[in-house]
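These notes are about the structure you will find just below.
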Amino acid sequence: AQSVTQLGSHVSVSEGALVLLRCNYSSSVPPYLFWYVQYPNQGLQLLLKYTSAATLVKGINGFEAEFKKSETSFHLTKPSAHMSDAAEYFCAVSGPGGAQKLVFGQGTRLTINP
Amino acid sequence: DTGVSQDPRHKITKRGQNVTFRCDPISEHNRLYWYRQTLGQGPEFLTYFQNEAQLEKSRLLSDRFSAERPKGSFSTLEIQRTEQGDSAMYLCASSLSSPAGGEGYTFGSGTRLTVV
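Just so you know, the protein sequences line up as chains S and H, in that order.
The first sequence begins at 1 in the numbering used here and counts up by one.
The second sequence begins at 1001 in the numbering used here and counts up by one.
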């Protein structure tokens, strides 16, 4: 079975500050890991994904995440927050290869203070 | 192509009524997924189609839920005898490959169901 835990349901940072959203996973098989963003009244959009290649993954909008097997973590970072980054962020895990199902965490709401 | 479309965007229904939602995927995508998202939670997998074949169903999908994808194009999700616990956002996604491949999933904006 696979699961994801996002530490902190709500994170608030100042504009220009570092963004750090935490995700820890549990998986009995080598995981594929994802970060999605959801803006109000919209569907989820893929930010980045880890699929067993480079452990440091760069995504859209300046976000990146690092896969750390020893810590079973896949934290999302952005060096400098922008007001437009305010949204709900979801970490997700799937199995390798042709696994179809994503298991999502409960989400972290990111608020940016001016 | 304008992405994944879901209809309606909002649905309010009385407990015990049946409801049906529609999802139109990106035309070249052969895989289609339904997820359910309740307030303050991440999406939960319901079911998955490859073309017209329903290949996986979650235990969350009780007997009151049925999904179809005739001709491998649009899909419908029907809930019979709705209960207040069915109130949620129902998300549809489509893809050309598994979530880890290519562009991954493209999600629609969802149908928000409120059962009163």
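Using N, Cα and C, we set each Cβ at its ideal position, and we do this for glycine too.
From a predicted model like this one, the values you see are computed outputs, not experimental measurements.
Residue i: first and last residue of the uninterrupted beta strand (DSSP E) it sits in
i: Met1121(H); result: No information on residue 1121(H) is available, as it lies outside the stretch 1001 to 1116 that chain H covers here.
i: Tyr1127(H); result: For chain H, the structure presents residues 1001 to 1116; residue 1127(H) sits outside this window and is missing.
i: His75(S); result: Ser73 to Lys78
i: Ile1079(H); result: Ser1075 to Ile1079
i: Val29(S); result: Val29(S) -> no beta strand (DSSP E), and no H or E assigned at all.
i: Lys1071(H); result: Careful: Lys1071(H) lies outside any beta strand (DSSP E) and carries neither H nor E.
i: Lys68(S); result: Glu64 to Lys68
i: Ala92(S); result: Ala87 to Ser94
i: Ala1053(H); result: Ala1053 to Lys1057
i: Tyr50(S); result: Leu44 to Tyr50
i: Glu1044(H); result: Glu1044 to Gln1050
i: Lys58(S); result: Leu56 to Lys58
Bridge partners - residue i, DSSP secondary structure assignment
i: His10(S); result: Arg109(S)
i: His1010(H); result: Arg1112(H)
i: Asp1024(H); result: Ser1005(H)
i: Ser3(S); result: Ser26(S)
i: Thr1106(H); result: Ser1094(H)
i: Glu1083(H); result: None; Glu1083(H) has no bridge partner.
i: Ala36(S); result: Per the sequence shown, the amino acid found at residue 36(S) is Tyr instead of Ala. In DSSP, Tyr36(S) forms a bridge with Leu46(S) and Phe90(S).
i: Leu21(S); result: Leu76(S)
i: Ser1062(H); result: Paired residue(s): none; Ser1062(H) is not in a bridge.
Proximal chain B residues relative to residue i, where beta-carbon distance stays under 9 Å
i: Gln1054(H); result: In the displayed structure, chain B is absent; the protein chains listed are S and H.
Amino acids of chain H, ordered along the chain, whose beta-carbon sits closer than 9 Å to that of residue i
i: Gln100(S); result: Arg1031, Tyr1033, Phe1045, Tyr1048, Gln1050, Leu1055, Glu1056, Ser1095, Ser1098 and Pro1099
Where residue i meets chain S, residues with beta-carbon distance less than 7 Å
i: Leu1091(H); result: Gly43
i: Phe1074(H); result: The premise fails here: Phe1074(H) is roughly 16 Å from chain S at the closest Cβ pair, so nothing lies under 7 Å.
Contacts that residue i makes with chain H (C-beta to C-beta distance below 8 Å)
i: Phe67(S); result: Here the premise fails: no neighbours, minimum Cβ distance about 13 Å.
Proximal residues of chain S, C-beta to C-beta of residue i below 9 Å
i: Gly963(H); result: There is simply no residue 963(H) to check, as chain H begins at 1001 and stops at 1116 in what is shown.
Contacts that residue i makes with chain S (C-beta to C-beta distance below 8 Å)
i: Gly1181(H); result: Outside the modelled stretch of chain H, which goes from 1001 to 1116, sits residue 1181(H), for which no answer is possible.
* Does the stretch 1016–1024 of chain H come within contact of the stretch 1036–1056 of chain H, defined as at least 3 CB pairs closer than 8 Å? -> no
* Okay, do the stretch 26–36 of chain S and the stretch 87–96 of chain S touch, 3+ Cβ pairs below 8 Å being the bar? -> Three or more beta-carbon pairs separated by less than 8 Å link the stretch 26–36 of chain S to the stretch 87–96 of chain S, which places the two stretches in contact.
* Asked: Taking three-plus beta-carbon pairs below 8 Å as touching, is the stretch 100–107 of chain S in contact with the stretch 1–16 of chain S?
  -> yes
* Asked: Does the stretch 1025–1033 of chain H come close enough to the stretch 1045–1052 of chain H that 3 or more CB-CB pairs lie under 8 Å?
  -> Contact between the stretch 1045–1052 of chain H and the stretch 1025–1033 of chain H is established, with three or more Cβ pairs separated by less than 8 Å.
* To do: Count the C-beta pairs between the stretch 1065–1078 of chain H and the stretch 77–84 of chain S that are closer than 8 Å, then say yes if the count reaches three, no if not.
  => no
* Asked: Would you call the stretch 49–67 of chain S and the stretch 1001–1010 of chain H in contact, with 3 or more CB pairs under 8 Å?
  -> Contact fails: fewer than three Cβ-Cβ distances are below 8 Å.
* Asked: Is the stretch 13–24 of chain S close to the stretch 63–83 of chain S, with three or more CB pairs under 8 Å?
  -> Flag = yes, the stretch 13–24 of chain S and the stretch 63–83 of chain S touch.
* To do: Inspect the CB distances between the stretch 1053–1067 of chain H and the stretch 1091–1110 of chain H and report whether three or more fall short of 8 Å.
  => no
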